[in-house]
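Notes follow once the structure below has been shown.
In the UniProt record's numbering, the protein residues as written are 1 to 477.
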């Protein structure tokens with residue numbers, strides 16, 4: 001590779017074979033006029049630098065040079081004495097495996113380097129531009145809005161302070177933005193990426209990447225591969241894209257998108273919005289009022305605490321509202337829907353659904369349930385609705401006699417009394433219904449049950465409309 005100067009350089013920098021020498025720039029002016037004057041005319045060359053006692057500087061025509069093979073391309077060495085002379089003019093491009101020894105710290109700003117080989121580079125407090133090319137490189141950038149390309153190899157790139165642009169390239173890279181609003185791209189390979197403090201934009205690239213954003217508003221795309229993404233603190237936008245991804249929103253109101261593949265999505269603290277996308281996804285809302293949509297295929301969802309909105313979409317989904325007053329839509333498919341604690345709205349949608357209202361809290365109504373099209377089964381147990389629970393009745397909007405079923409646990413062996421206005425005077429487990437009017441819903445059918453341990457009502461619920469129930473509409477366990 002030829003040695004190419006991108007910007008004017010002072011007379012302090014010149015080269016001859018492997019030796020760096022001070023020469024008058026006038027000798028090169030003609031060949032570099034297209035890039036501007038390289039030295040001031042009439043300037044006397046500085047004194048020749050003292051030879052390095054560890055590796056003496058030899059002239060290109062020194063006969064001792066013939067003892068070693070001639071390299072196919074020129075190689076270059078910058079010793080610490082010459083590096084100390086660099087000023088802010090410097091921008092150069094060269095193969096740096098031989099050019100900069102490991103551990104050398106270059107202090108001027110605006111250094112543009114093309115690395116080759118496995119190197120260690122310490123940046124400046126200005127704006128650094130570093131290319132790693134091939135090899136497992138360690139690139140340390142300090143103050144300034146820096147740009148670093150790891151190239152081929154398993155690289156370590158630390159951006160530290162400033163708004164940095166860091167690119168891992170090919171290989172299993174470790175990249176840290178640290179402080180500042182950074183742009184980070186892992187490239188191909190199984191990368192580990194840390195966003196740090198600030199508003200970061202991160203692309204994982206191809207491979208199974210691990211990405212942690214840190215604090216601030218961050219935008220992350222895992223891209224191809226089975227990625228692990230942690231949103232950390234802040235309101236983040238997180239995409240898994242292709243692959244079986246694991247995404248944790250962390251603190252803040254996050255938007256999490258699984259994309260294609262079987263994903264695990266966790267919202268964490270805050271009011272999160274999660275989209276499963278394609279594949280069999282597991283989505284957990286945790287704390288906050290979350291919006292969770294499953295998309296295609298079978299999905300497993302849990303809202304956690306908070307008043308959540310969940311939609312299974314297509315597929316045979318399992319949705320658990322957990323705590324709070326939740327809105328649960330099964331969508332198409334044979335779904336299992338659990339309201340759990342709280343006064344929930346549950347709609348089965350198309351398909352043969354199993355609906356569990358769960359326990360209620362104080363309010364005008366308990367769980368409001370609709371099976372939708374298909375043969376739907378509604379499950380109840382003592383304490384779920386009305387009666388001894390002390391809470392309001394559950395409501396079933398569209399129960400169809402002979403087309404749907406109600407299952408009552410804890411009432412095995414109860415006698416079905418049919419339509420009447422009270423239990424019998426004989427102690428025992430009984431169930432009856434009465435058709436009446438509601439100021440809110442108009443025609444309703446109320447069902448009352450007792451388990452035989454007393455004469456009080458242990459469970460009650462309401463069906464909208466006047467429905468002539470038969471014993472076959474109830475299954476008592």
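Each residue gets a CB set at the ideal place from its N, CA and C atoms; glycine is no exception. Given the structure is predicted, the values throughout are model-derived calculations rather than measurements.
Applying the 10 Å Cβ sphere with the 16-neighbour rule, what's the burial state of residue 438?
exposed
Could you give the distance in angstroms between the alpha-carbon of residue 376 and the alpha-carbon of residue 351?
8 Å
Beta strand (DSSP E) runs wholly inside the stretch 384-431, at least 3 long, in chain order
394-396, 405-409 and 415-419
Quick one: what does DSSP say residue 442 is sitting in, helix, strand or coil?
strand
To the nearest angstrom, report how far apart residue 143 and residue 268 are at their CA atoms.
33 Å
According to the Cβ coordinates, are residue 467 and residue 401 closer than 8 Å?
yes
Roughly how many angstroms lie between the CA atoms of residue 340 and residue 153, to the nearest whole one?
52 Å
State the DSSP-derived secondary structure class of residue 473, mapped to helix, strand or coil.
helix
Decide if residue 462 is buried, meaning its Cβ has at least 16 other Cβ atoms within 10 Å, or exposed.
buried
Roughly how many angstroms lie between the CA atoms of residue 23 and residue 183, to the nearest whole one?
Note that residue 23 scores 33 on pLDDT, short of 50, meaning its location in the model is unreliable; the coordinates nonetheless yield the value given after this. Computed Cα separation, rounded: 41 Å.
Taking the beta strand (DSSP E) that residue 246 falls in, what are its first and last residues?
246-248
Does the Cβ-Cβ distance between residue 275 and residue 258 come in under 8 Å?
yes
Work out the CA separation of residue 447 and residue 429 for me, nearest whole Å.
14 Å
Three-state class that DSSP yields for residue 121 in the structure shown
strand
Given that a residue counts as buried once 16 or more other Cβ atoms are within 10 Å of its Cβ, and exposed if not, what is residue 211?
buried
For residue 420, does the count of other Cβ atoms within 10 angstroms reach 16, so buried, or fall short, so exposed?
exposed
Taking only three categories from DSSP, how would you classify residue 203?
strand
Same chain only: Cβ atoms within 6 Å of residue 296, ignoring 5 sequence neighbours per side
278 and 314
Tell me where the beta strand (DSSP E) around residue 466 begins and ends.
That residue, residue 466, is in no beta strand (DSSP E); it is neither H nor E in DSSP.
Secondary structure at residue 484, three-state DSSP: helix, strand or coil?
Here the chain covers residues 1 to 477 and nothing more, so residue 484 does not appear.
As assigned by DSSP and simplified to three states, the class of residue 269:
coil
For residue 306, tell me which candidate among 280, 270, 199 and 216 has the shortest Cα-Cα distance.
270
Could you tell me how far apart the beta carbons of residue 418 and residue 432 are, in whole angstroms, since I believe they sit closer than 8 Å?
6 Å
Please classify residue 257: does DSSP put it in a helix, a strand, or coil?
strand
In whole angstroms, what separates the C-alpha of residue 385 from that of residue 360?
7 Å
When the distance is taken between beta carbons, is residue 330 closer than 8 Å to residue 312?
yes
Close-in-space but distant-in-sequence residues of the same chain around residue 325 (CB under 7 Å, 5 per side omitted):
307, 342, 343 and 344
Which of helix, strand or coil does DSSP assign to residue 165?
strand
Quick one: is residue 190 buried, meaning 16 or more other Cβ sit within 10 Å of its Cβ, or exposed?
buried
Where do the N-terminal and C-terminal ends of the beta strand (DSSP E) with residue 131 fall, by residue?
129-131
Enumerate in chain order the residues of its own chain whose CB-to-CB distance from residue 435 is below 6 Å, with the five nearest sequence positions on each side excluded.
445 and 466
Determine whether the beta carbon atoms of residue 132 and residue 155 lie at a separation below 8 Å.
yes
C-beta contact flag for residue 225 and residue 206 at 8 Å
yes
On the criterion of 16 or more Cβ atoms from any shown chain inside 10 Å, does residue 424 qualify as buried, or is it exposed?
exposed
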